[in-house]
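Before any comments, here is the structure.
Number of protein chains: 2
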Amino acid sequence: MTSTDPKAKITIAGAGPVGSTLAIILARANYEVNLFESRADLRKQKAYLGKSINLVLSDRAWSALKELDLEQEVKSLAIPLYKRLIHTVNGELKSQNYGNNKQALWSISRNQLNECLLSHAEQEQRVNIHFEQRLHHLDFNTSCASFINQQERPYQQREIEADLLFAADGAYSKVRRLAQETPRFSYSQNYMEQSYIELTIPADAQGKHQLDKHALHIWPRDKFMLIALPNLDGSFTCTLFLQHQGNPSFQSLNSAEVINSFLQENFADVFPLLDNPVENILNKPENPLFLVSVNPWVFNNKIALIGDAAHAMVPFYGQGLNCSFEDCRELSALIEQHQHDWQKILPAYQAQRKVNADAISKLAISHFEEICQQASKEEFLLRKKIEDKFHSLYPDLWQPLYTMVSFSADIPYQQARKIGEQQKRMMDEIMCIPNISECWQQEFVYNKLKQLVEKIT
Amino acid sequence: MTSTDPKAKITIAGAGPVGSTLAIILARANYEVNLFESRADLRKQKAYLGKSINLVLSDRAWSALKELDLEQEVKSLAIPLYKRLIHTVNGELKSQNYGNNKQALWSISRNQLNECLLSHAEQEQRVNIHFEQRLHHLDFNTSCASFINQQERPYQQREIEADLLFAADGAYSKVRRLAQETPRFSYSQNYMEQSYIELTIPADAQGKHQLDKHALHIWPRDKFMLIALPNLDGSFTCTLFLQHQGNPSFQSLNSAEVINSFLQENFADVFPLLDNPVENILNKPENPLFLVSVNPWVFNNKIALIGDAAHAMVPFYGQGLNCSFEDCRELSALIEQHQHDWQKILPAYQAQRKVNADAISKLAISHFEEICQQASKEEFLLRKKIEDKFHSLYPDLWQPLYTMVSFSADIPYQQARKIGEQQKRMMDEIMCIPNISECWQQEFVYNKLKQLVEKIT
Chain Y
2 MTSTDPKAKI TIAGAGPVGS TLAIILARAN YEVNLFESRA DLRKQKAYLG KSINLVLSDR
62 AWSALKELDL EQEVKSLAIP LYKRLIHTVN GELKSQNYGN NKQALWSISR NQLNECLLSH
122 AEQEQRVNIH FEQRLHHLDF NTSCASFINQ QERPYQQREI EADLLFAADG AYSKVRRLAQ
182 ETPRFSYSQN YMEQSYIELT IPADAQGKHQ LDKHALHIWP RDKFMLIALP NLDGSFTCTL
242 FLQHQGNPSF QSLNSAEVIN SFLQENFADV FPLLDNPVEN ILNKPENPLF LVSVNPWVFN
302 NKIALIGDAA HAMVPFYGQG LNCSFEDCRE LSALIEQHQH DWQKILPAYQ AQRKVNADAI
362 SKLAISHFEE ICQQASKEEF LLRKKIEDKF HSLYPDLWQP LYTMVSFSAD IPYQQARKIG
422 EQQKRMMDEI MCIPNISECW QQEFVYNKLK QLVEKIT
Chain B
2 MTSTDPKAKI TIAGAGPVGS TLAIILARAN YEVNLFESRA DLRKQKAYLG KSINLVLSDR
62 AWSALKELDL EQEVKSLAIP LYKRLIHTVN GELKSQNYGN NKQALWSISR NQLNECLLSH
122 AEQEQRVNIH FEQRLHHLDF NTSCASFINQ QERPYQQREI EADLLFAADG AYSKVRRLAQ
182 ETPRFSYSQN YMEQSYIELT IPADAQGKHQ LDKHALHIWP RDKFMLIALP NLDGSFTCTL
242 FLQHQGNPSF QSLNSAEVIN SFLQENFADV FPLLDNPVEN ILNKPENPLF LVSVNPWVFN
302 NKIALIGDAA HAMVPFYGQG LNCSFEDCRE LSALIEQHQH DWQKILPAYQ AQRKVNADAI
362 SKLAISHFEE ICQQASKEEF LLRKKIEDKF HSLYPDLWQP LYTMVSFSAD IPYQQARKIG
422 EQQKRMMDEI MCIPNISECW QQEFVYNKLK QLVEKIT
């Protein structure tokens, strides 16, 4: 199969942000793409039914979208966040810049992003989109798939032949579930103790944001936390992360009275701004948080997992979709590099992407603890201050882990994680300096850290 | 439900060694037990069709079987192995005792063990055994299960109501697969790079063993190995562990010629003793090696996983079935301790057993490397020698990890693993002593190790 073969056909299962982006990439590389989605066209629906946790995009996403000439359009749908604003339990605000004044996370509605990417996929001549078609069966040897039209009665299967199939069907991937029947398929799904629900801070009477809209707001409370991300319409989408059971937990918050005092005690400043929080916490079903790891990602060089289907992770680093966009960008580069030879492209894709997805997946888990504790733990804050100062003194010697992950698309996640671990060990040594909390601004501290860095490089 | 309730009914899925043992325990505790097995009664079959890797039993198994008054009978079916015999590539033999002359692993055929336990289960008045009944559906709220008789046409479902259900249905557990549909079920299955096939060394013309029958024979070859376990009939069952792909691997050994030179090169001493090895390696399907970890083990205090269904592990520590027998023994103790209150028994069972199964599962993985390398790595052998000498000097201060796992049923796996890790760190320090390979017998080495041990206890 080569690019000049007019019959090279690719099926994509799932027309979310990843499936749509991949469709654009493959169509522009001259493949005939059939893009299947089990849900209805979300552009024709009023209320969005799928996963709704707000998204943040950072440099890895922009790097992929730029190559498709979509960076500016998508940025126009997003709001840049230049800092974290930590809300302490007694209402104090602590501001932490993400980086320099050009480095931002971008808050965007999953729905709007998806609509935009779908419309661009639709404009590609070689892309055919099929909505409300549920994947029913998949032959892992031939990549022949059958889909069922959700509207027709009686149900009828439609067989789709293809040279390749990409599974971009998300965290609950049907393709991945079917793959469990293939030999030697290693698989894990792990649930966190925490679940989440979404709450809203509506716009004020003038349609304006009620909190600083250029910040990611966090109310860290050790085992649980609330975060808020701005929307274009003046509202904020808030996410409450809380244990499934224990105290407090979604199970223990079982009456209006209990919820009221929980909110008053922990989130007094934002409580009056939230839209109906007591009723929502009482009645909304909690959503689980889980991560998925699989091996292989590629089957018979015919079928490949991509995005959440390959590496569903917890949302705390804000990198899930960024990692998925990077999957797409690197796949695109491999198509060119290996001149459309899929016997080479797919093994290289797996070798390159899996290690990096594993790395960011692990970072995302440990970042939860970090965020939750950062308002409370003095030692943690002191570490950050020393790191930041050292970075400003020697920007070439030390980039904080968060910067490498979010704002350095040229550093693979795996490498960022490795450097981050080395940095942690060096900072452990620095924190052992007697009276470090008093002497941390003195020159000898930074000379010592410089020596440690230079020793390993 | 109490023991005096004549209606307290328990379903067990799977009549392998674990299901049969559990049936005996529960019947003797006055429960009505329905024991279901999807296969036919293996006592009526000529050739055994299921999993056949030979088993070794050690102290944890005996400790459980003794309580059921079955230790002596089962021991009569087994052969004690007092040592490892390492066969090096040039035909040298290195002997390593497992412990003192009473400490042995016991080699037993899975089939014979199962037959013996099944017959004892059958003798219990309160046990009903149902063969060729395949589990079809399970209600996780009520523990009502439906089974299909494999012999009847057309297939008919039979509903079995019960107060509790135990899943003893092995490494490929159907109950566990159905549990994947329950909420918040964490699950992982991981395949090793190696697979295995079984080969045979037949008895000689006089019906005698052709190798020392009181030893576990190992031909360690770094990434692959052969082992041999004696059978009562004079034969040995051998297992060849080899990579699935790569070189050498089951994929690369694809012609009689290649296999011939592979065997000649790596297993010259045993090659002439093996029954038709070239043809067997060429034609027998390889069996995968995988480990399974799940959470929870218990659902609604109505359904519980036990044995391989809960913790399928790789066979290298010879502890898979020993761990399963320990599951049974500890469950039995909890029934007594909590006076048949299953709302207490099952949470305690899970809390107690899962940490230990996780520990031995991890130990089993790392033991593979240890076995494979032990003939070749001088440093590894020196460590063992120092450990052994220290153990004989101070038996109360230091039990080798292998001894704790295999011959100390009173030390939980989790604790053994933790102590083993401390020992490893101490031995790392000892191995840093300059010229340790020359001075290892000198007194100061053992004084230093003694100081290290005393520091942490």
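Going line by line, the protein sequences match chains Y and B.
Here the first sequence is numbered in the working numbering, starting from 2 and rising by one per residue.
Here the second sequence is numbered in the working numbering, starting from 2 and rising by one per residue.
Where is the CB? At the ideal position from N, CA and C, for every residue including glycine.
| Asked | Found |
| --- | --- |
| Three-state secondary structure (DSSP) of residue 28 of chain Y | helix |
| Cα-Cα separation between residue 51 of chain Y and residue 310 of chain Y, rounded to whole angstroms | Note that residue 51 of chain Y scores 44 on pLDDT, short of 50, meaning its location in the model is unreliable and no value can be drawn from it. |
| Residue(s) in a DSSP beta bridge with residue 197 of chain B | B:242, B:288 |
| Environment of residue 280 of chain B [buried if 16+ CB atoms lie within 10 Å] | exposed |
| Per-residue burial, residue 121 of chain B [other beta carbons within 10 Å of its own, 16 or more giving buried] | buried |
| As assigned by DSSP and simplified to three states, the class of residue 237 of chain Y | strand |
| Beta-carbon gap between residue 82 of chain Y and residue 105 of chain Y smaller than 8 Å | yes |
| Residue environment, residue 323 of chain Y, which counts as buried when at least 16 other CB atoms sit within 10 Å | buried |
| Residue burial classification, residue 35 of chain Y (beta-carbon count within 10 angstroms, cutoff 16) | buried |
| Minimum Cβ-Cβ distance from residue 289 of chain B to chain Y less than 8 Å | yes |
| Which of helix, strand or coil DSSP assigns to residue 393 of chain Y | helix |
| Residue 231 of chain Y classed as buried or exposed, judged by whether at least 16 other C-beta atoms fall within 10 angstroms | buried |
| C-beta neighbour in chain Y for residue 190 of chain B, strict 8 Å | yes |
| Local conformation of residue 130 of chain B per DSSP, three classes | strand |
| Touching by the beta-carbon criterion (3+ pairs, under 8 Å), the region 135-153 of chain Y and the region 95-102 of chain Y | no |
| Boundaries (first-last residue) of the beta strand (DSSP E) holding residue 216 of chain Y | 216-222 |
| Burial state of residue 419 of chain Y, where buried means 16 or more other Cβ atoms lie within 10 Å | exposed |
| Buried versus exposed, by CB contacts within 10 Å (16 or more), residue 170 of chain B | buried |
| Same chain, Cβ closer than 8 Å to residue 109 of chain Y, neighbours up to 5 away in sequence not counted | 55, 56, 57, 58, 75, 78, 79, 80 |
| Within chain B, partners of residue 215 of chain Y - CB distance below 8 Å | Correct list: empty, because the minimum Cβ distance to chain B is about 36 Å. |
| Beta-carbon spacing of residue 15 of chain B, residue 168 of chain B below 8 Å | yes |
| Backbone secondary structure at residue 40 of chain B - three-state DSSP | coil |
| Under 8 Å (Cβ pairs) to chain Y, residues found in the region 132-164 of chain B | none |
| Contact belief for residue 1 of chain Y with residue 317 of chain Y at Cβ below 8 Å, rounded distance in angstroms | Past the boundaries of the shown model lies residue 1 of chain Y; chain Y is included only from 2 to 458, so the question cannot be answered. |
| Below-8 Å beta-carbon distance, residue 467 of chain B vs any chain Y residue | In the structure as shown, chain B begins at 2 and stops at 458. Residue 467 of chain B is therefore absent and cannot be evaluated. |
| Neighbouring residues, chain B, relative to residue 185 of chain Y (Cβ below 9 Å) | 192, 196, 245, 289, 291 |
| Range of the contiguous beta strand (DSSP E) that encloses residue 88 of chain Y | 84-88 |
| N- and C-terminal bounds of the beta strand (DSSP E) containing residue 160 of chain Y | 158-161 |
| Alpha helix (DSSP H) runs wholly inside the region 391-435 of chain B, at least 4 long, in chain order | 402-408, 414-432 |
| Top-ranked residue by Cα proximity to residue 116 of chain Y, from Y:386, Y:397, Y:71 | Y:71 |
| Beta-carbon separation (whole angstroms), residue 144 of chain B vs residue 114 of chain B, contact threshold 8 Å | The Cβ separation is near 28 Å, so there is no contact. |
| Inter-residue CB distance, residue 187 of chain B and residue 295 of chain B (contact presumed, cutoff 8 Å) | 7 Å |
| Pairwise C-alpha distance: residue 65 of chain B and residue 88 of chain Y | 56 Å |
| For residue 107 of chain B and residue 215 of chain B, the rounded distance between their alpha carbons | 9 Å |
| Rounded straight-line distance, which links the Cα of residue 211 of chain B to that of residue 451 of chain B | 43 Å |
| CB-CB length for residue 195 of chain B against residue 244 of chain B, believed under 8 Å | 6 Å |
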